[in-house]
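Student: So that we are looking at the same thing, I have put the structure below in structure tokens.
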Amino acid sequence: MATFEVTVDGDVLVFTGAGEVSAEDLVKAISDHYPTRLLKHAIWDFSECTLDNLTTESLMKVMAHAQDHMKARQGGKTAIVGRRDLEYGLGRLYSAVVDHSAKSVFTSVFRTRREAEEWLADSSN
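Add 3 to the 1-based position in the sequence shown for the working numbering, that's all there is to it.
Rendered as structure tokens:
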């Protein structure tokens, strides 16, 4: 079971995870914080997590749940941080599917939190 420390940094909602993440952990974090902390941008930092037990099917469920909350974040950005190849790759898959279907929130994946923060701060993209 994973834990997420959730903080606010300006207009960015930051989820910093630790432990083994399940689809249920992600859905709970989204449900608990997106409706109550309506911010334009988000960082999901999986640097200290493992996503080893996520299946494609469970990731699709997370995507569907996340899309329910995207209308309120129109024009916002979501940065996913994954150091390991698995987390980075799943982040890229998530990004490709969500960006194609949602078109209201832009998603990108990074290896470091610093890269993610720089991308969010850059208003040209």
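A virtual CB, placed ideally from N, CA and C, is assigned to each residue, including glycine.
Because the structure is a prediction, the values reported are computed rather than measured.
Measure how close the beta-carbons of K80 and V101 come, nearest whole angstrom, since I'm counting them as under 8 Å.
Tutor: Incorrect: roughly 12 Å between the Cβ atoms, too far for contact.
Student: Beta-carbon within less than 8 Å of D55's beta-carbon, same chain only, minus the 5 sequence neighbours each way: which residues are those?
Tutor: Taken in chain order, the residues that qualify are E23, L89.
Student: Between the Cα of M73 and the Cα atoms of G85, S34, S61, which residue gives the shortest distance?
Tutor: Measuring from the Cα of M73, the nearest candidate turns out to be S34.
Student: Could you say which of K43, V9, K64 lies nearest to A26 if we only look at CA atoms?
Tutor: For A26, the nearest C-alpha among the options comes from K64.
Student: Apply the 10 Å Cβ neighbour rule to L123 and answer buried if 16 or more other Cβ atoms are within range, or exposed otherwise.
Tutor: When all chains shown are included, L123 counts as buried.
Student: By the three-class DSSP mapping on this structure, what secondary structure does D125 have?
Tutor: Three-state DSSP puts D125 in coil, outside helix and strand.
Student: Three-state secondary structure (DSSP) at T58?
Tutor: Of the three classes helix, strand and coil, the one that applies to T58 here is coil, per DSSP.
Student: Using the Cβ count rule (16 or more neighbours within 10 Å means buried), how would you classify L41?
Tutor: That one is exposed.
Student: Thinking C-alpha only, which one of A21, L29, F49 is nearest F113?
Tutor: F113 has its Cα closest to that of F49, out of A21, L29, F49.
Student: Which residue marks the beginning of the alpha helix (DSSP H) containing H36, and which one marks its end?
Tutor: Its alpha helix (DSSP H) spans residues 26-36.
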